[in-house]
Amino acid sequence: QSEKTSGNVVLTVENTAIGYDGEVLSQPINLDLRKMNAVAIVGPNGIGKSTFIKSIVDQIPFIKGEKRFGANVEVGYYDQTQSKLTPSNTVLDELWNDFKLTPEV
């Protein structure tokens, strides 16, 4: 776990396309996320919301375009299937197990 403070830029996504096996689900996607801002990804089923998140965390490659994280940005991700969670743990248990030494901001 890093103790360095992140910069103002959290995530930049430029002219990306997302999908599977060359089949584009959504494009172009552009995002400029800054520190202390929030984003919601909403839309109908099948439009690529989960695919977009998986592309950001490098589980699925973007079909085109690029993303860049800001300085000292650390990404945490729990997928919607909860495949990497322990069923007997509470939400707090999961977070504390992954981020034991993370200072409050």
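Counting from 1, position 94 in the sequence shown corresponds to residue 94 in UniProt numbering; the numbering is continuous, with no gaps.
A virtual CB, placed ideally from N, CA and C, is assigned to each residue, including glycine.
Keep in mind that this is a model prediction, so the values were computed, not measured.
Residue interval of the alpha helix (DSSP H) (run including residue i)
i          : result
residue 15 : Unbroken run through residue 15 is the beta strand (DSSP E), 9 to 20; no alpha helix (DSSP H).
residue 94 : 91 to 98
residue 56 : 49 to 56
Residues of its chain near residue i, where Cβ-Cβ distance is below 8 angstroms and the 5 sequence neighbours each way are ignored
i          : result
residue 18 : 24, 25, 26, 27, 29, 48, 51, 52, 55, 60, 62 and 63
Cβ neighbours of residue i in the same chain (closer than 6 angstroms, five flanking residues each side left out)
i          : result
residue 7  : 70 and 71
residue 32 : 12
Distance, residue j Cα to residue i Cα
i          : j          : result
residue 37 : residue 74 : 16 angstroms
residue 9  : residue 66 : 15 angstroms
residue 83 : residue 15 : 30 angstroms
residue 46 : residue 85 : 24 angstroms
Residues of its chain near residue i, where Cβ-Cβ distance is below 7 angstroms and the 5 sequence neighbours each way are ignored
i          : result
residue 34 : 8, 9 and 10
Cβ-heavy atom distance, residue i to the ligand SAH, below 8 angstroms
i          : result
residue 26 : Questions concerning the ligand SAH fall outside what the structure shown contains, since it holds no ligand whatsoever.
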